[in-house]
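S.K.: Numbering (our numbering), first residue to last: 37 to 398.
Quick one: this structure, given as structure tokens, is what I'll be asking you about.
Pasting the structure below:
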């Protein structure tokens, strides 16, 4: 890990998003990486400007306006790049459902453009950030993420000569990220409630932004080609999350805990009560590692052979598909420790976030 990034040039897509911006932050702040430079791209001009100002004193980082839908621009920007972290995506379920063609353009064609540009420039490694919503998807967003994973695996498997190593990483809900439930609950508590959740028994795999990105970075040094790395994550119930946040935040905003009510508003179209880390079929080709599961390509016999001889293999037989509803959930005490240790309960005078989840038909 220490030597993997030494003298490497890196490109990060979606550099103004939650994952992309944290990637830039961790890659630059960890002096052990010894990176040569970072090209950070996004199509959000205003956020790029602010990010550019933030890194004015770090000559290694350059920000460019670019869209992953533009293959020619990607090819130019990848000239001299060694490692690509592809974090750009349309991730909001409602918006992808309303505009599926836009989801396809960014989340599928965009991945293919990254692959083509990487091949053209002889990039060493390409890491695609996926989602647990790609497992047995029930909506457009999850389906496009699954197709992105398939494209990455196919790109690696179909090579006839030496070329980039293409892999995907799949993780669950990043608590505190833009659009996640934590800032929504926080805003609702700040306003005196009620805190709205869709179902009391809903469970989710969770991790912090910092944890998610650290594991994405680590996966680059482990990648052998065509895998989908699945991050091991704790499970919480949304009811516990709401209760813990009310207990901790209500008094700090001048309310009694009993004053903040929890309202169950019902599940939304395309929304699961649980999440899955992998499908039953994927367990048959999975390897368990200390912090990951590695899902090997399904059609390995058709293409070049890869040994997948990882260090520290815990098991080459995985039988549990890891469904959040079937896993032991964090206790409220453990959840509180998680929230505190990841600074997710800090007070904010003005939370710039809506206080409810909008869904068509509400």
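Backbone N, C-alpha and C define an ideal beta-carbon position, used for all residues, glycine too.
Note that the coordinates shown come from a computational prediction; the quantities given were computed from them, not determined experimentally.
Rounded to the nearest angstrom, what separates residue 323 and residue 332 at their Cα positions?
M.R.: The residue given as residue 323 occupies position 287 in the chain shown. The residue given as residue 332 occupies position 296 in the chain shown. About 8 Å.
S.K.: Considering only C-alpha positions, which residue in the set 379, 143 and 268 is nearest to residue 359?
M.R.: The residue you call residue 359 lines up with position 323 of the chain shown. Closest option to residue 359, Cα to Cα, is 268.
S.K.: So for residue 328, helix, strand or coil by DSSP?
M.R.: As a first step, residue 328 must be located in the chain shown, where it is residue number 292. Looking at residue 328 - three-state DSSP - the assignment turns out to be strand.
S.K.: Using a Cβ-Cβ cut-off of 6 Å (strictly less than) and excluding sequence neighbours within five positions of residue 274, which residues of its own chain qualify?
M.R.: As a first step, residue 274 must be located in the chain shown, where it is residue number 238. So the list reads 233 and 238, once near-sequence residues are dropped.
S.K.: Less than 7 Å between the beta carbons of residue 51 and residue 94, yes or no?
M.R.: In the chain shown, the residue the question calls residue 51 occupies position 15. In the chain shown, the residue the question calls residue 94 occupies position 58. Contact: no.
S.K.: CA-CA distance, residue 129 and residue 175?
M.R.: Locating residue 129 in the chain shown gives position 93, where the first residue counts as 1. Locating residue 175 in the chain shown gives position 139, where the first residue counts as 1. About 7 Å.
S.K.: Just the Cα atoms here: how many angstroms apart are residue 111 and residue 148?
M.R.: Along the chain shown, one-based indexing puts residue 111 at 75. Along the chain shown, one-based indexing puts residue 148 at 112. For residue 111 and residue 148, the distance between alpha carbons rounds to 12 Å.
S.K.: From residue 151 to residue 143, what does the alpha carbon distance come to, in whole angstroms?
M.R.: To locate residue 151, count along the chain shown from 1; it is residue 115. To locate residue 143, count along the chain shown from 1; it is residue 107. Those two C-alpha atoms are separated by around 12 Å.
S.K.: In this structure, how does DSSP classify residue 353 when only helix, strand and coil are distinguished?
M.R.: Along the chain shown, one-based indexing puts residue 353 at 317. Residue 353: coil per DSSP, three-state reduction.
S.K.: Are the beta-carbon atoms belonging to residue 249 and residue 200 less than 7 Å from one another?
M.R.: Taking the chain shown and counting its residues from 1, one reaches residue 249 at position 213. Taking the chain shown and counting its residues from 1, one reaches residue 200 at position 164. No, Cβ-Cβ distance for residue 249 and residue 200 is not below 7 Å.
S.K.: Am I right that residue 44 and residue 119 are in contact with their C-beta atoms under 8 Å? What's the rounded C-beta distance?
M.R.: The count along the chain shown starts at 1 and reaches residue 44 at position 8. The count along the chain shown starts at 1 and reaches residue 119 at position 83. Correct: roughly 6 Å between the Cβ atoms.
S.K.: Can you tell me the Cα-Cα spacing of residue 41 and residue 260, whole angstroms?
M.R.: Position 5 of the chain shown holds residue 41. Position 224 of the chain shown holds residue 260. When rounded, the distance between both Cα atoms is 16 Å.
S.K.: Just the C-alpha distance for residue 355 and residue 320, rounded to the nearest angstrom, thanks.
M.R.: On the chain shown, residue 355 is found 319 positions in, with the first residue counted as 1. On the chain shown, residue 320 is found 284 positions in, with the first residue counted as 1. Near 7 Å, if we compare the C-alpha coordinates of residue 320 and residue 355.
S.K.: Buried or exposed: where does residue 243 fall if 16 or more other Cβ atoms within 10 Å of its Cβ makes it buried?
M.R.: By one-based count along the chain shown, residue 243 stands at place 207. Residue 243 comes out buried.
S.K.: Nearest-angstrom Cα distance between residue 394 and residue 131?
M.R.: One-based indexing of the chain shown puts residue 394 at position 358. One-based indexing of the chain shown puts residue 131 at position 95. A caution first: residue 394 carries a pLDDT of 49, below 50, which makes its placement in the model too unreliable to give a value.
S.K.: Would you mind stating whether residue 314 and residue 272 have Cβ atoms separated by less than 7 Å?
M.R.: On the chain shown, position 278 is the one that residue 314 refers to. On the chain shown, position 236 is the one that residue 272 refers to. Cβ atoms of residue 314 and residue 272: not closer than 7 Å.
S.K.: How do the stretch 171-185 and the stretch 334-342 stand: do at least 3 beta-carbon pairs fall below 8 Å, yes or no?
M.R.: Judged by Cβ distances under 8 Å, the stretch 171-185 makes no contact with the stretch 334-342, as fewer than three pairs qualify.
S.K.: From residue 139 to residue 105, what distance separates their C-alpha atoms?
M.R.: On the chain shown, residue 139 is found 103 positions in, with the first residue counted as 1. On the chain shown, residue 105 is found 69 positions in, with the first residue counted as 1. C-alpha separation (whole angstroms): 11 Å.
S.K.: Quick one: what does DSSP say residue 220 is sitting in, helix, strand or coil?
M.R.: Counting from one through the chain shown, the residue named residue 220 turns up at place 184. Helix, per DSSP.
S.K.: My output table needs one value for residue 366: the three-state DSSP class, helix, strand or coil.
M.R.: One-based indexing of the chain shown puts residue 366 at position 330. Correct three-state label for residue 366: coil.
S.K.: Fully enclosed by the stretch 118-143, which alpha helix (DSSP H) runs are 4 residues long or longer?
M.R.: Taking only runs of at least 4 residues, the alpha helix (DSSP H) segments lying wholly in the stretch 118-143 are 129-134 and 136-140.
S.K.: Would you mind listing the alpha helix (DSSP H) stretches within the stretch 285-347 that are 4+ residues and don't spill past its ends, in chain order?
M.R.: Here the runs fully enclosed are 316-319.
S.K.: Please classify residue 328 as buried or exposed, where buried requires at least 16 other C-beta atoms within 10 Å of its C-beta.
M.R.: Numbered from its first residue, the chain shown carries residue 328 at position 292. That one is buried.
S.K.: Please name the residue, chosen from 209, 305 and 208, that lies closest to residue 134 on a Cα-to-Cα basis.
M.R.: The residue you call residue 134 lines up with position 98 of the chain shown. Ranking the options by Cα distance to residue 134, first place goes to 305.
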